[in-house]
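Here this note's numbering runs 1186 ahead of the position in the sequence shown, where the first position is 1.
Accompanying notes for the structure given below.
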Amino acid sequence: MTLRKSAGSRAAHALERRIPMRDFSRSLPMALLRAREAVMKQFRPSLRRHGLTEQQWRILRALSAVEAIEVTELARVAFLLGPSLSRILRDLEARQLIDRRTAKDDLRRGVVSISQKGLKLIELVAPTSEAVYAAITQRYGAQKLAELQDMLAVLENKLATLEATDGGPSESER
1187 MTLRKSAGSR AAHALERRIP MRDFSRSLPM ALLRAREAVM KQFRPSLRRH GLTEQQWRIL
1247 RALSAVEAIE VTELARVAFL LGPSLSRILR DLEARQLIDR RTAKDDLRRG VVSISQKGLK
1307 LIELVAPTSE AVYAAITQRY GAQKLAELQD MLAVLENKLA TLEATDGGPS ESER
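Dropping the structure here:
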C-alpha cells in the first residue's frame, strides 16, 4: 500500500476541504503582482540594454528627483530593504552613477546623490522609458491610467492609516 496520493486524488481532496478564502487568482496582492509584472515586462528590455536592474533604476529615478537624500529615507521611498539597498548602492557607486557621503550633523548617517554620470544615464534611458509609457497609455487609455494611478494612491493612503493585524484582537480590543 502506498502513502502517496495521485494528482487527481489530491485535487479532489483540496476541493473537499474548501478553505474559506477568496479564490487565489482574485486576491488583491496577486492581482497587483500580476499587473506589476505586466508593466515591468515592458521596461525590462531597455533596462537590460543599459546594464541596469529594476532596483538600480528605481534608485536612480528616486535620486534624480532630489538634490540628496539620507540612505534610510531612500530605502523608504524606493521600497527596498536596507541590506539590498547597501549592495545596490555599492554597485552604483562602483559604476560612478551615485555619490555617497556622511551627513554633516550625524556621521553615522549616509547621504546619497546622483552623479553627473548617473544623470547622463537617466537622460539616455528616458526616451525609451517615455516611449513605453506612451505605449501603455495608448493601449490602456490616458484617462483610465490616470484613474488607476489615483485609485492606487487612495488605496495606499487608506491602508497606511489601517493598523496591520494578524486577525486577532487589536491592542485596543484586548
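Cβ atoms here follow ideal geometry from the backbone N, Cα and C, with glycine treated the same way.
Buried or exposed (CB count within 10 angstroms, at least 16 for buried), residue i
i     : result
V1298 : buried
Q1329 : exposed
I1205 : exposed
A1248 : buried
Y1326 : exposed
A1350 : exposed
A1261 : buried
L1238 : buried
L1266 : buried
V1311 : buried
E1359 : Reliability of the predicted coordinates at E1359 is poor, the pLDDT of 42 falling under 50, and no value is obtained from them.
Beta carbon of residue i nearer than 9 Å to that of residue j
i     : j     : result
I1322 : S1250 : no
T1258 : R1295 : yes
I1245 : I1284 : yes
E1273 : K1303 : According to the sequence as given, residue 1273 is Arg; it is not Glu. In this structure, K1303 does not lie closer than 9 Å to R1273 by Cβ.
F1229 : S1315 : yes
Which residues DSSP lists as bridging residue i, in chain order
i     : result
T1314 : According to DSSP, which records beta bridges pairwise, T1314 is partnered with nothing at all.
E1256 : V1297
D1285 : S1299
Cβ-Cβ separation, residue j to residue i (assumed contact under 8 Å), whole Å
i     : j     : result
Q1242 : D1277 : 7 Å
L1275 : R1286 : 7 Å
E1223 : L1233 : Between L1233 and E1223 the Cβ distance is about 14 Å, and since that is not below 8 Å, they are no contact.
E1253 : A1289 : About 13 Å separates the two Cβ atoms, so there is no contact after all.
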